[in-house]
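Asks: To convert, count from 1 in the sequence shown and add 1; that's our numbering.
Glycine included, every Cβ here is placed at the ideal spot set by N, Cα and C.
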Amino acid sequence: MAEIGDTESGSALAALQDHGFVVLRALLSDAELAAARDHADDLLRGADWSDNGFDGRRTRRVYSLLKRVGSLEPLLLHPEVHHLVTACLGEVYQFGMLFLSAVDPGQGAQQLHFDAGSTPFPGRWRRRSTSSGRSTTSPPATVLP
């Protein structure tokens, strides 16, 4: 797994480019992390199981997250997240299709796809294989450990 603890931004970017994702450990303080988890749990309590196989029937999603971002906001505004996003997508970007997803035990992998196929991402994000052999087709999301 591409996992970064207290290391340089360059290591996180290299892991992201190499593996197609990165887990940023210790991104938030203990208090911020607890608040973010509580807020995510509250939002997911109101979410029903998906009704289709594409999303995954053992998956719950909360859409339009920006209007109720609450304690998750420090993740979006964190300088390391900003650095990684701008390194991959450029200085001008927006979080327009942000959602919270809980994939519960028993759910299989979702097929690779573009979430917003009409968005002209830089060529390196269209479809590529990472050094681990995994194919990626969209920019990765921030993972809350």
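Can you give the Cα-Cα distance for L44 and F100, rounded to whole angstroms?
Replies: In the sequence shown, counting from the first residue as 1, residue 44 sits at position 43. In the sequence shown, counting from the first residue as 1, residue 100 sits at position 99. L44 and F100: Cα-Cα distance of roughly 11 Å.
Asks: Would you kindly report the start and end of the unbroken beta strand (DSSP E) that includes V104?
Replies: Position 103 of the sequence shown, counted from the start, is the residue given in the question as residue 104. Residues 101–104.
Asks: Whose C-beta lies closer than 8 Å to the C-beta of D52 among residues of the same chain, with five residues either side of it excluded?
Replies: Walking along the sequence shown from the start, residue 52 turns up at place 51. If we look at D52 and ignore the five residues flanking it on each side, its Cβ neighbours are R58.
Asks: Expressed to the nearest angstrom, what Euclidean distance is found between the alpha-carbon atoms of A1 and D19?
Replies: In the structure displayed, the chain extends from 2 to 146; residue 1 sits before or after that span and is not available.
Asks: Taking the C-alpha atoms as reference points, what is the distance between G54 and A110?
Replies: The count along the sequence shown starts at 1 and reaches residue 54 at position 53. The count along the sequence shown starts at 1 and reaches residue 110 at position 109. Answer to the nearest angstrom: the Cα atoms are 11 Å apart.
Asks: Within 10 Å of its beta-carbon, does G11 have 16 or more other beta-carbons around it, so buried, or fewer, so exposed?
Replies: Taking the sequence shown and counting its residues from 1, one reaches residue 11 at position 10. Exposed.
Asks: How many Å lie between S30 and A41 at the Cα?
Replies: For the purposes of this step, residue 30 is taken as residue 29 along the sequence shown, with counting starting at 1. For the purposes of this step, residue 41 is taken as residue 40 along the sequence shown, with counting starting at 1. One C-alpha to the other measures close to 16 Å.
Asks: List the DSSP bridge partners of R26.
Replies: Taking the sequence shown and counting its residues from 1, one reaches residue 26 at position 25. Per DSSP, none; premise fails for R26.
Asks: Check for me: the alpha helix (DSSP H) holding R62 runs from which residue to which?
Replies: Here residue 62 refers to the residue found at position 61 of the sequence shown. Note, R62: premise wrong, no alpha helix (DSSP H); beta strand (DSSP E) at 60–63.
Asks: So, T60 versus V24, is the Cβ gap smaller than 7 Å?
Replies: Your numbering for residue 60 matches position 59 in the sequence shown. Your numbering for residue 24 matches position 23 in the sequence shown. No, Cβ-Cβ distance for T60 and V24 is not below 7 Å.
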